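S.K.: Sequence order for the protein chains is A and B.
When we follow our numbering, the leftmost residue of the first sequence carries the number 5, and every step to the right adds one.
When we follow our numbering, the leftmost residue of the second sequence carries the number 64, and every step to the right adds one.
All residues carry an ideal CB built from backbone N, CA and C; glycine is no exception.
These numbers were taken from a predicted model, which means no experiment stands behind them.
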Amino acid sequence: RKEVEQDPGPFNVPEGATVAFNCTYSNSASQSFFWYRQDCRKEPKLLMSVYSSGNEDGRFTAQLNRASQYISLLIRDSKLSDSATYLCVVKGEGTGFQKLVFGTGTRLLVSP
Amino acid sequence: DTAVSQTPKYLVTQMGNDKSIKCEQNLGHDTMYWYKQDSKKFLKIMFSYNNKELIINETVPNRFSPKSPDKAHLNLHINSLELGDSAVYFCASSQGQLGTASPLHFGNGTRLTVT
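1) Would residue 109/A pass as an interface residue toward chain B - the criterion being a Cβ-Cβ separation below 8 Å?
2) So residue 108/B contacts chain A; which residues on that side make the cut at Cβ distance below 9 Å?
3) Just checking my contact of residue 22/A with residue 80/A at CB under 8 Å: how many whole Å lie between their CB atoms?
4) Assuming residue 171/B contacts residue 47/A under a Cβ cut-off of 8 Å, what Cβ separation, rounded to an integer in Å, is found between them?
5) Which residues, in chain order, does the segment 40–54 of chain A contribute to contact with chain B at a C-beta distance below 9 Å?
6) Hey, does residue 15/A have any beta-carbon neighbour from chain B nearer than 8 Å?
7) Between 78/B, 67/B, 74/B, 66/B, which lies nearest to residue 151/B when the distance is taken from Cα to Cα?
8) Starting from the beta carbon of residue 89/A, find every residue of chain B whose beta carbon is closer than 8 Å, and list them in chain order.
9) Helix, strand or coil for residue 84/A? Go by DSSP, reduced to three states.
10) Does the distance from the C-beta atom of residue 37/A to that of residue 75/A stay below 8 Å?
11) In chain order, what are the residue ranges of uninterrupted beta strand (DSSP E) at least 3 long that sit wholly in the segment 76–122 of chain B?
12) Note down the Cα distance separating residue 9/B from residue 66/B, rounded to an integer number of angstroms.
13) When you compare the CB positions of residue 155/B and residue 167/B, do they come within less than 8 Å of one another, or not?
14) Can you find a CB in chain C that lies within less than 8 Å of the CB of residue 170/B?
15) Could you say which of 124/B, 126/B, 109/B lies nearest to residue 118/B if we only look at CA atoms?
16) Identify, in the order they occur along the chain, each residue of the same chain with its Cβ nearer than 7 Å to the Cβ of residue 86/A, setting aside the five sequence neighbours on each side.
17) Going by the beta-carbon positions, is the gap between residue 90/A and residue 77/A smaller than 8 Å?
18) Quick one: what's got a C-beta closer than 6 Å to residue 174/B's C-beta in the same chain, skipping five residues either side?
19) Provide the residue(s) that pair with residue 29/A in DSSP beta bridges, ordered along the chain.
20) By the criterion of Cβ-Cβ separation under 7 Å, what are the contact partners of residue 131/B in chain A?
21) Below 8 Å on the Cβ atoms is my guess for residue 123/B versus residue 144/B; work out the distance and round it to an integer in Å.
22) Restricting to Cα atoms, I'd like to know which of 62/A, 71/A, 28/A is closest to residue 109/A.
23) Given residue 106/A, which residues of its chain have a CB within under 6 Å of its CB, disregarding the five upstream and five downstream residues?
24) Which residue's Cα is closest to the Cα of residue 91/B: 125/B, 83/B, 113/B?
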């Protein structure tokens with residue numbers, strides 16, 4: 005099983021739609037989870053951390069399900085500018101110092 | 064006042080050459096990384112340094128040699144470049160700590176093309 009798995013998409017949605025991505029991870033001991041966003045030919049940028057109780061930042065909501073080992077990202081009222089690849093990131097297995105493992109990303113295309 | 068800067072942005076070179084990529088961060092972080100993003104967009108860690116000490120070394124060919132002269136700099140030297148080394152190389156930094164991880168801040172990448 006890969007350490008972090010995501011559906012590559014693309015997810016094609018109209019402006020204003022609500023869209024959700026899931027990501028599964030293998031390290032049951034991980035305490036650290038993030039969502040990053042990567043635009044075409046740009047560096048990944050932190051979108052939000054994911055907390056145990058779930059957290060919200062404007063139109064974005066992140067959830068963690070430890071029992072099933074997945075995290076999710078919900079985007080409400082999609083904007084054209086949300087078009088990007090969303091990377092799920094989890095602290096990897098077997099190391100004290102952090103080794104953040106990236107999923108392959110889910111591509112989102114928001115159309116007018 | 065760029066937080067993580069790496070140079071060059073583009074690097075085109077022939078097989079067999081040796082090249083270096085430089086990275087500097089002004090965030091005061093104590094941990095720096097090199098990640099490789101291949102043509103399938105998979106972002107994979109290569110190395111990590113904490114306070115100039117190598118702490119993560121993934122299964123990377125020994126043609127790749129990182130060097131950290133101080134905690135604000137992490138350079139990557141690649142010997143005998145091969146076609147398969149073509150990728151985007153990202154430098155990153157974080158305030159590293161045991162246990163809970165802190166988020167990474169990335170440089171804008173070096174697009175390496177080996178011909």
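M.R.: The answer reads as follows:
1) Here residue 109/A refers to the residue found at position 105 of the first sequence. Yes - at least one Cβ of chain B is within 8 Å of the one on residue 109/A.
2) If you number the second sequence from 1, residue 108/B lands on position 45. Ordered by position in chain A, the residues that pass the 9 Å Cβ test against residue 108/B are 96, 103, 104, 105, 106.
3) Here residue 22/A refers to the residue found at position 18 of the first sequence. Here residue 80/A refers to the residue found at position 76 of the first sequence. About 5 Å; that satisfies the 8 Å criterion.
4) The sequence position of residue 171/B within the second sequence is 108, counting from 1. The sequence position of residue 47/A within the first sequence is 43, counting from 1. About 5 Å separates the two Cβ atoms, so the contact holds.
5) 40, 42, 45, 46, 47, 48, 49, 50, 53
6) In the first sequence, residue 15/A corresponds to position 11, counting from 1. No, residue 15/A does not count as interfacial toward chain B.
7) Numbered from 1 along the second sequence, position 88 holds the residue referred to as residue 151/B. For residue 151/B, the nearest C-alpha among the options comes from 74/B.
8) One-based indexing of the first sequence puts residue 89/A at position 85. Going along chain B in sequence order, the residues near residue 89/A (Cβ under 8 Å) are 104.
9) Taking the first sequence and counting its residues from 1, one reaches residue 84/A at position 80. Residue 84/A: helix per DSSP, three-state reduction.
10) For the purposes of this step, residue 37/A is taken as the residue at position 33 of the first sequence. For the purposes of this step, residue 75/A is taken as the residue at position 71 of the first sequence. The answer is yes: Cβ separation under 8 Å.
11) DSSP runs (the beta strand (DSSP E)) wholly in the segment 76–122 of chain B: 82–88, 94–100, 106–113, 116–120.
12) Nothing about residue 9/B can be reported from this structure: the residues present for chain B run from 64 to 178 only.
13) Counting from 1 along the second sequence, the entry for residue 155/B is found at position 92. Counting from 1 along the second sequence, the entry for residue 167/B is found at position 104. Contact flag set, yes.
14) Given the protein chain composition of this structure (A and B), no chain C is represented.
15) Taking the first residue of the second sequence as position 1, residue 118/B is located at position 55. Minimum Cα distance to residue 118/B is reached at 109/B.
16) The sequence position of residue 86/A within the first sequence is 82, counting from 1. So the qualifying residues of the chain are 79, 112, 114.
17) Your numbering for residue 90/A matches position 86 in the first sequence. Your numbering for residue 77/A matches position 73 in the first sequence. A contact, by the Cβ cut-off of 8 Å.
18) As a first step, residue 174/B is located in the second sequence; it is residue number 111 there, counting from the start. The residues 73, 151, in chain order, have a CB closer than 6 Å to that of residue 174/B in the same chain once the five nearest residues on each side in sequence are set aside.
19) Within the first sequence, numbered from 1, the residue matching residue 29/A stands at position 25. Note: residue 29/A sits in a beta bridge opposite 8/A.
20) Indexing the second sequence from 1 puts residue 131/B at position 68. Within 7 Å Cβ-Cβ: nothing; residue 131/B doesn't reach chain A, min ~14 Å.
21) In the second sequence, residue 123/B corresponds to position 60, counting from 1. In the second sequence, residue 144/B corresponds to position 81, counting from 1. So it is not a contact: roughly 14 Å between Cβ atoms.
22) Residue numbering aside, residue 109/A sits at position 105 when the first sequence is read from its first letter. The option with the nearest alpha carbon to residue 109/A is 28/A.
23) Translated into positions along the first sequence, residue 106/A becomes position 102. 91, 93, listed in sequence order.
24) On the second sequence, residue 91/B is found 28 positions in, with the first residue counted as 1. Closest by C-alpha distance to residue 91/B, out of 125/B, 83/B, 113/B, is 113/B.
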